[in-house]
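Everything below concerns the one structure shown next.
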Amino acid sequence: MESSFSQNPTPVSGKGQIKIKPQQYNGHEDFEEYLSQSEIVVQINNWNYHEKSLYLAGSLSGSARGILTELGPRERQDFDSLVRILSIRFGSAERSEMYKANLQTRVRGKDESLSELAQSVRKLTRLAYPSADSALINMLAIISLTLFQIQK
Numbered sequence: 009m010e011s012s013f014s015q016n017p018t019p020v021s022g023k024g025q026i027k028i029k030p031q032q033y034n035g036h037e038d039f040e041e042y043l044s045q046s047e048i049v050v051q052i053n054n055w056n057y058h059e060k061s062l063y064l065a066g067s068l069s070g071s072a073r074g075i076l077t078e079l080g081p082r083e084r085q086d087f088d089s090l091v092r093i094l095s096i097r098f099g100s101a102e103r104s105e106m107y108k109a110n111l112q113t114r115v116r117g118k119d120e121s122l123s124e125l126a127q128s129v130r131k132l133t134r135l136a137y138p139s140a141d142s143a144l145i146n147m148l149a150i151i152s153l154t155l156f157q158i159q160k
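In structure tokens:
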């Protein structure tokens with residue numbers, strides 16, 4: 009997955025001032041969502057390529073942190089290398105079959121509202137079909153919700 013920030017490796021440094029602290033990433037959340045938010049944090053903090061690389065590496069925890077041992081010292085400090093390996097390991101493209109199965113077996117929780125169910129189904133649909141555009145995602149989510157209501 010290409011990052012929009014990896015195209016511009018030399019923005020002005022934030023000089024160590026942190027306006028917003030990056031969230032930790034443990035490998036359980038959606039990596040694309042995490043990366044999108046972390047790119048915003050990079051912009052707000054005005055970090056250069058090296059700083060954003062170090063902050064990404066430093067924000068890893070749990071199973072995501074384990075990838076650092078698989079990388080050489082240079083790769084650990086290279087944003088594009090980190091994003092590439094994290095995308096391979098934790099990206100939705102690599103987990104799409106699992107998300108498709110989750111979507112097919114999704115049941116509405118006892119106290120779950122219809123809007124919560126719809127949001128969950130839409131997210132699972134997006135994860136199950138990562139290369140689909142938003143119009144197709146919406147259509148597939150509606151079909152899934154319709155089938156869910158019929159099977160109920």
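For the sequence shown, my numbering assigns the number 9 to the initial residue and increments by one for each residue that follows.
Quick reminder that beta carbons are idealized off the backbone N, C-alpha and C, glycines included.
These numbers come from a predicted model, not from an experiment.
Return the Cβ separation of residue i and residue j in integer angstroms, given the expectation that the two are a contact with Cβ distance under 8 Å.
| i | j | result |
| --- | --- | --- |
| leucine 62 | glutamine 45 | At roughly 18 Å, the Cβ-Cβ gap does not stay under 8 Å, so leucine 62 and glutamine 45 are not in contact. |
| arginine 116 | leucine 132 | Actually they are not in contact, since the Cβ atoms of arginine 116 and leucine 132 sit about 13 Å apart, beyond 8 Å. |
| leucine 64 | leucine 90 | 5 Å |
| phenylalanine 87 | lysine 60 | 6 Å |
| isoleucine 126 | leucine 153 | Checking the sequence shown, residue 126 turns out to be alanine, not isoleucine. 6 Å between Cβ atoms; contact. |
| asparagine 53 | lysine 27 | 5 Å |
Determine the DSSP secondary structure at residue i, reduced to helix, strand or coil.
| i | result |
| --- | --- |
| leucine 76 | helix |
| tyrosine 137 | coil |
| valine 49 | helix |
| aspartate 119 | coil |
| aspartate 88 | helix |
| arginine 103 | coil |
| asparagine 56 | coil |
| glutamine 127 | helix |
| glutamine 112 | helix |
| isoleucine 96 | helix |
| isoleucine 26 | coil |
Taking all protein chains shown into account, do 16 or more other C-beta atoms lie within 10 angstroms of the C-beta of residue i, making it buried, or fewer, making it exposed?
| i | result |
| --- | --- |
| glycine 99 | buried |
| alanine 149 | buried |
| proline 176 | A question about residue 176 goes unanswered here, because the residues of the chain that appear run from 9 up to 160. |
| leucine 111 | buried |
| leucine 144 | exposed |
| leucine 155 | exposed |
According to DSSP, residue i sits in a beta bridge with which residue or residues?
| i | result |
| --- | --- |
| tyrosine 33 | Leu68 |
Do the region 118-137 and the region 87-107 meet, that is, are 3 or more Cβ pairs less than 8 Å apart?
-> Short answer: they touch.
With a cut-off of 8 Å, do at least 3 Cβ pairs link the region 63-82 to the region 27-36?
-> Below 8 Å, enough C-beta pairs join the region 63-82 and the region 27-36 to call them touching: three or more.
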